[in-house]
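Asks: Before we start, here is the structure in question, set down as structure tokens.
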Amino acid sequence: MQAHLVIRPLFQLLHHHVWRRLPVGPRRALFARISAWRAPAISTDAQAKQPFIVVGFLNQTSGLGDAARKSHDALKAAGFEVYGIDVTATLMHEANYPDFRFDDGRELVGAGTLIIHVSGPSIPRVMAFLGKRLVTGKRVVAHWFWELPKLPGDWRSALPFVHDFCASTRFVADAIRPLAGARPVHVVNYPLTVPASGRRAPEAAARPFTALVLFNIASNFARKNPCAAIRAFRRAFGDDPGVKLMVKYLNAAAWPEAMKEMRAAADGAANIVMNGEVLDDAGIDALYAEADTVISLHRAEGLGLAVAEAMMRGIPVIATDWSGNTDFFTAECGFPIGYRLVPIEDPQSNYAGKGVAWDDPADARWAEPDIEEAADALKILRSDLDLRRRLGAAGIQQARAFFDPALHVERLSALLLSEPPR
71 MQAHLVIRPL FQLLHHHVWR RLPVGPRRAL FARISAWRAP AISTDAQAKQ
121 PFIVVGFLNQ TSGLGDAARK SHDALKAAGF EVYGIDVTAT LMHEANYPDF
171 RFDDGRELVG AGTLIIHVSG PSIPRVMAFL GKRLVTGKRV VAHWFWELPK
221 LPGDWRSALP FVHDFCASTR FVADAIRPLA GARPVHVVNY PLTVPASGRR
271 APEAAARPFT ALVLFNIASN FARKNPCAAI RAFRRAFGDD PGVKLMVKYL
321 NAAAWPEAMK EMRAAADGAA NIVMNGEVLD DAGIDALYAE ADTVISLHRA
371 EGLGLAVAEA MMRGIPVIAT DWSGNTDFFT AECGFPIGYR LVPIEDPQSN
421 YAGKGVAWDD PADARWAEPD IEEAADALKI LRSDLDLRRR LGAAGIQQAR
471 AFFDPALHVE RLSALLLSEP PR
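Position in the sequence shown (first residue = 1) + 70 = the working numbering.
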């Protein structure tokens with residue numbers, strides 16, 4: 071009996087009856103092991119050539135989905151031959167971003183370059199989905215995001231299927247290198263632009279001073295650490311009606327305890343507004359346009375997209391001074407918040423806990439930001455409009471330089487190709 075006739079029903083059974091009940095660590099390991107049985111071998115001598123085929127969560131609202139879409143669009147705008155392959159349903163995620171348009175690359179055979187925007191343990195499953203006919207002859211590049219200084223051991227399952235690695239920050243690249251061995255690891259900036267409609271609205275005297283924290287609970291609630299932002303806001307302002315905190319979250323079902331923790335931290339405050347809607351780009355732009363500052367008291371970030379997007383819009387940022395965002399976020403454009411490194415406590419078991427194995431348990435550490443320092447930063451920003459404007463203007467300049475889509479294309483094509491756009 072052919073393997074796929076057995077494997078496909080097995081995945082369906084796991085998905086509907088057992089899969090979601092397994093701890094994350096064993097679930098990922100089992101997922102990778104089963105997928106590796108079907109995944110085709112890569113061509114050891116494959117050269118990077120056009121077309122580029124961007125593979126990822128093209129139809130999902132998520133950080134990884136945004137990264138894949140933005141890379142696709144930057145390459146296409148530069149004149150390269152670019153296709154896409156969506157793996158949202160394949161990796162059992164919700165397809166909630168249906169409007170992205172791309173040329174389907176699933177039937178492209180022969181030479182080309184696959185740029186895969188999924189995590190390491192998902193690579194074998196993606197390769198199995200792509201199949202031997204598509205993969206043969208292509209260079210395979212994994213563009214990874216990771217939030218800690220080391221990668222856990224289960225990411226090794228990707229190694230047989232990848233020629234090169236890309237990372238959007240030095241922090242992530244340094245985490246990949248010990249695992250990558252002889253495979254090249256390139257730092258290729260994240261491409262980011264902001265439409266004029268999404269820039270900071272002019273200050274209005276009657277409007278409350280507004281702080282914004284936004285995050286995806288499925289990306290790990292403890293890591294995003296929104297309760298620290300809520301506590302800092304409460305410590306700074308209490309019930310003051312002249313201020314407002316907007317808490318924008320996604321995917322509450324990913325960890326239902328998150329809502330209880332946020333409500334407890336907010337303590338019924340009328341000046342804290344929580345919003346769990348799935349917003350389109352215009353809706354996100356409107357949120358940013360209302361914000362006087364963006365807070366990210368994260369415990370770890372591979373990039374820090376909310377920090378980056380705020381800077382692009384001229385919004386001063388208050389953020390933990392640790393991990394990927396330190397490549398582009400400095401005191402010239404906001405308030406880097408001090409921290410101490412602590413053992414990871416992760417009820418969602420993405421980074422530590424039941425079923426998550428580290429080669430060295432000492433590597434399972436992340437930052438605990440200083441809430442008092444963040445509260446002081448909030449009070450300073452509220453009281454000083456000129457400072458907000460200066461920090462915002464500096465943020466635009468730093469973000470434009472770091473996230474320039476042309477630089478993304480230049481670095482990627484220089485590293486991988488010897489041919490110009492067609």
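By construction, the Cβ of each residue, glycine as well, lies at the ideal position given by its N, Cα and C atoms.
Give the range of the beta strand (DSSP E) segment to which Ile-155 is assigned.
Replies: Segment 152-156, the beta strand (DSSP E) holding Ile-155.
Asks: Should the segment 171-189 be called in touch with the segment 118-132, which here means at least 3 C-beta pairs below 8 Å?
Replies: The segment 171-189 vs the segment 118-132: in contact.
Asks: Look at the Cβ atom of Asp-224, then the Cβ atom of Pro-191, and state whether they are nearer than 9 Å.
Replies: Yes, these two residues count as a Cβ contact at 9 Å.
Asks: Could you check which residue in Arg-226, Val-377, Ala-335 and Asp-362 has the C-alpha nearest to that of Val-212?
Replies: Reading off the sequence shown, one finds Ala at residue 212, where the question assumed Val. Checking every option, the nearest Cα to that of Ala-212 belongs to Arg-226.
Asks: Am I right that Val-348 and Leu-320 are in contact with their C-beta atoms under 8 Å? What's the rounded C-beta distance?
Replies: About 7 Å separates the two Cβ atoms, so the contact holds.
Asks: Span of the alpha helix (DSSP H) holding Leu-379?
Replies: A quick correction: the sequence has Glu, not Leu, at residue 379. Start and end: 375-382.
Asks: One question on the structure: do Pro-311 and Pro-278 come within less than 9 Å of each other, judged by their Cβ atoms?
Replies: Their beta carbons are under 9 Å apart, which means Pro-311 touches Pro-278 by this criterion.
Asks: Thinking C-beta only, is Leu-375 closer than 9 Å to Thr-239?
Replies: In this structure, Leu-375 does not lie closer than 9 Å to Thr-239 by Cβ.
Asks: Flag Asp-173 as yes if its beta-carbon sits less than 9 Å from any beta-carbon of chain D, otherwise no.
Replies: The question asks about chain D, but that chain is absent: this structure has only one protein chain.
Asks: In the DSSP assignment, the beta strand (DSSP E) including Pro-406 goes from what residue to what residue?
Replies: Here the beta strand (DSSP E) through Pro-406 covers 404-407.
Asks: Below 8 Å on the Cβ atoms is my guess for Tyr-421 versus Asn-290; work out the distance and round it to an integer in Å.
Replies: Tyr-421 to Asn-290, Cβ: 7 Å. Contact.
Asks: According to DSSP, Asp-174 sits in a beta bridge with which residue or residues?
Replies: Note: Asp-174 sits in a beta bridge opposite Gly-154.
Asks: Residue ranges of each beta strand (DSSP E) run of no fewer than 3 residues wholly in the segment 408-478, ordered along the chain?
Replies: If we require 3 residues or more, the beta strand (DSSP E) runs fully inside the segment 408-478 come out as 409-413 and 435-439.
Asks: Looking only at its own chain, which residues have a Cβ that is under 7 Å from the Cβ of Thr-498, when we skip the five neighbours before and after it?
Replies: For the chain, the structure presents residues 71 to 492; residue 498 sits outside this window and is missing.
Asks: How many angstroms separate the CA atom of Tyr-153 from the CA atom of Ala-469?
Replies: When rounded, the distance between both Cα atoms is 27 Å.
Asks: Would you check if the segment 413-427 and the segment 376-392 touch, i.e. whether three or more CB-CB distances between them fall below 8 Å?
Replies: These segments do not touch.
Asks: Specify the secondary structure class of Asp-115 as computed by DSSP and reduced to three states.
Replies: Three-state result, Asp-115: coil.
Asks: Which residues does DSSP pair with Ala-335 in a beta bridge?
Replies: None; Ala-335 has no bridge partner.
Asks: Roughly how far, in whole angstroms, is the beta-carbon of Ala-437 from the beta-carbon of Trp-428, given that I think they are within contact range, below 8 Å?
Replies: Contact flag wrong, Cβ pair sits at about 17 Å.
Asks: Report the three-state DSSP secondary structure of Thr-183 (helix, strand or coil).
Replies: Correct three-state label for Thr-183: strand.
Asks: Once you ignore the five residues that flank Leu-218 on each side, which residues in its own chain have a CB closer than 6 Å to its CB?
Replies: Only Ala-370 meet the Cβ criterion.
Asks: Report yes or no: do three or more beta-carbon pairs, one from the segment 157-166 and one from the segment 352-370, lie closer than 8 Å?
Replies: In short, these stretches do not touch, since the Cβ pair count stays below three.
Asks: Closer than 6 Å by C-beta to Leu-487: which residues in its own chain qualify, once you throw out the five before and the five after it? Chain order, please.
Replies: Answer for Leu-487: Ala-118, listed in chain order.
Asks: Could you check whether Gly-182 and Arg-203 sit closer than 9 Å to each other, using their CB atoms as the reference points?
Replies: No, the pair does not count as a contact, with Cβ atoms beyond the cut-off.
Asks: If you compare alpha carbons, which of Ala-288, Asp-309, Val-317 and Asn-286 is closest to Ala-299?
Replies: Closest by alpha carbon: Val-317.
Asks: Measuring only the C-alpha atoms, how far is Ala-138 from Thr-158?
Replies: Rounded to whole angstroms, Ala-138 to Thr-158 spans 12 Å at the Cα level.
Asks: With C-beta atoms as the reference, is Ala-276 less than 9 Å away from Leu-315?
Replies: In this structure, Leu-315 does not lie closer than 9 Å to Ala-276 by Cβ.
Asks: Whose CA, out of Met-162, Leu-145, His-187 and Ala-147, lies closest to the CA of Ile-155?
Replies: Selected option, being the one with the closest Cα: His-187.
Asks: Assuming Val-258 and Leu-482 are in contact, meaning their beta carbons sit under 8 Å apart, how far apart are those beta carbons, in whole angstroms?
Replies: Right, their Cβ atoms sit about 5 Å apart.
Asks: Which whole-angstrom value describes the C-beta separation of Ala-463 and Gly-408, a residue pair presumed to lie in contact below a C-beta threshold of 8 Å?
Replies: Rounded, the Cβ-Cβ distance is 25 Å, inconsistent with contact.
Asks: State the beta-bridge partners of Met-316 as determined by DSSP.
Replies: Leu-282 and Val-343, per the DSSP bridge assignment.
Asks: Considering just the uninterrupted stretch of the alpha helix (DSSP H) at Arg-369, what are its terminal residues?
Replies: First-last for Arg-369: undefined, no H or E at that position.
Asks: Which two residues bound the contiguous alpha helix (DSSP H) that contains Gly-353?
Replies: Residues 351-360.
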